[in-house]
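Peer 1: Residue 39 in numbering that gives the first Met the number 0 sits at position 40 of the sequence shown, and the numbers go up by one each step.
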Amino acid sequence: MRKISSNRSRVQQVRDQLEDDIVNGRMQPGDQVKIEQLMTRFEVSRTPVREALQQLEASGMVAVLPKRGTFVAKVGIPELIQMFEVMAELEAMCARLAARRASGVALKEIKGALGDCEREAEAADPNAYYYANELFHGLIYQACGNPFLVQQTQTLKNRLKPYRRMQLRMRNRIKQSLEEHRQIAAALEAGDAEAAAHAAREHVLIQGQRFTDFISLSNAGERP
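#1: Would you call the CB atoms of L167 and L79 closer than 9 Å?
#2: Nearest by alpha-carbon distance to R209: which of Q12, H180 and S176 is it?
#3: Taking its Cβ as the centre, do 16 or more other Cβ atoms sit within 10 Å of R222, making it buried, or is it exposed?
#4: With distance defined between alpha-carbon atoms, name the residue in R118, A127 and A98 nearest to L138.
#5: I think T152 touches Y162, with their Cβ atoms under 8 Å apart; what is that distance to the nearest whole Å?
#6: For Q27, which three-state DSSP category applies?
#7: Quick one: give me the first and last residue of the beta strand (DSSP E) that G59 is part of.
#8: Where does Q12 land, buried or exposed, given buried means 16+ other C-beta within 10 angstroms?
#9: Does the distance from the C-beta atom of D30 to that of F83 stay below 9 Å?
#10: Measure the C-alpha to C-alpha separation of R40 and G207 and round it to an integer number of angstroms.
#11: Does DSSP classify V32 as helix, strand or coil?
#12: By DSSP, does V43 sit in helix, in strand, or in coil?
#13: If you count every other CB in all the chains shown that lies within 10 Å of the CB of N157, and 16 or more means buried, which is it?
#14: Go ahead and label F135 buried or exposed: buried means 16 or more other beta carbons lie within 10 angstroms of its beta carbon, across all protein chains shown.
#15: How should R172 be labelled, buried or exposed, when 16 other C-beta atoms within 10 angstroms of its C-beta is the threshold for buried?
#16: Tell me L64's beta-bridge partners as DSSP assigns them.
#17: Please identify the residue among Q81, N145, K33 and R25 whose C-alpha is closest to the C-alpha of M92.
#18: Would A184 and A142 be called neighbours here (beta carbons separated by less than 9 Å)?
#19: Let me know the secondary structure DSSP gives V74 once reduced to three states.
#20: Leaving out the 5 sequence neighbours to the left and right, which residues in its chain are closer than 8 Å to V32 when beta-carbon positions are compared?
#21: By Cβ distance, which residues of its chain are closer than 8 Å to A123, with the 5 residues on each side in sequence left out?
#22: I'd like to know if Y162 contacts chain B, where contact means its C-beta is closer than 9 Å to some C-beta of that chain.
Here you go:
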């Protein structure tokens, strides 16, 4: 049994733990996810569990089958690689446009979010760093000035969230991620659209590579 604390929302904490369980193989594709068991496990009411499962369904981590229940879905490595490739191009587009269009206020907010990333990196907490990282990327999306692009980027980002979060557990990945953020921010500040796009693209492609490294190590650790 794991009691949920109050430093982050109950929904977010339940979702994070279930994401960890699914990505790490503690919950297998096809396993049924029972709300009552999760309520007992996390010592929470039905509402945060249901909301967490709704978010996981939206990200493709679980599937709801009519009259049968909720089950762990499966996203194969080839599909994940394809999704990361598309995500890299969407992030590059956002960064390119943001370098051209971001206001002084937006650049200041991005710089502040980078500072938050630096503080969380110093603490070496992958989850805390991820959420600072999420704000940093979200501000760049908004600064691009294209609401349709923002919507499409955010939708795919939500699907990849558990995998982007888990790759931060690889050795030295937080430090490397922070340096990549600095490169993106510097290009935005300089108004260099192509440099910003290149830095953002490489940042996401590296995340995909690091995630497959993480999966390989996790699988190796499970072998007898």
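Note that CB positions come from ideal geometry on N, CA and C, so glycine has one too.
Peer 2: The short version:
#1: No, the Cβ-Cβ distance between L167 and L79 is not below 9 Å.
#2: The candidate whose alpha carbon is nearest that of R209 is S176.
#3: Only weak support exists for where R222 lies, its pLDDT of 39 falling under 50; the value from the coordinates is given anyway. By the neighbour-count rule (16 or more Cβ atoms within 10 Å), R222 is not buried but exposed.
#4: Ranking R118, A127 and A98 by Cα distance to L138 puts A98 first.
#5: 16 Å between Cβ atoms; not a contact.
#6: Correct three-state label for Q27: coil.
#7: For G59, there is no enclosing beta strand (DSSP E), as DSSP marks it with neither H nor E.
#8: Label assigned to Q12: buried.
#9: One thing to note: D30 has its Cβ no nearer than 9 Å to the Cβ of F83.
#10: So the two alpha carbons sit approximately 31 Å from each other.
#11: Note: V32 maps to strand in three-state DSSP.
#12: In the three-state DSSP reduction, V43 falls in the coil class, being neither helix nor strand.
#13: Residue burial annotation: N157 is exposed, with fewer than 16 other C-beta atoms found within 10 angstroms of its C-beta.
#14: Its Cβ being crowded by 16 or more others within 10 Å, F135 is buried.
#15: Flag for R172 reads buried.
#16: Residue pairing for L64: DSSP places it in a beta bridge opposite G68.
#17: For the options Q81, N145, K33 and R25, the alpha carbon positioned closest to that of M92 is the one of N145.
#18: No, Cβ-Cβ distance for A184 and A142 is not below 9 Å.
#19: It is coil, neither helix nor strand.
#20: Cβ contact annotation for V32 (same chain, cutoff 8 Å, sequence separation greater than five): L17, M26, L52, V61, G68, T69, F70 and V71, in chain order.
#21: So the list reads I173, once near-sequence residues are dropped.
#22: Looking at the structure shown, chain B is missing, and only one protein chain is on hand.
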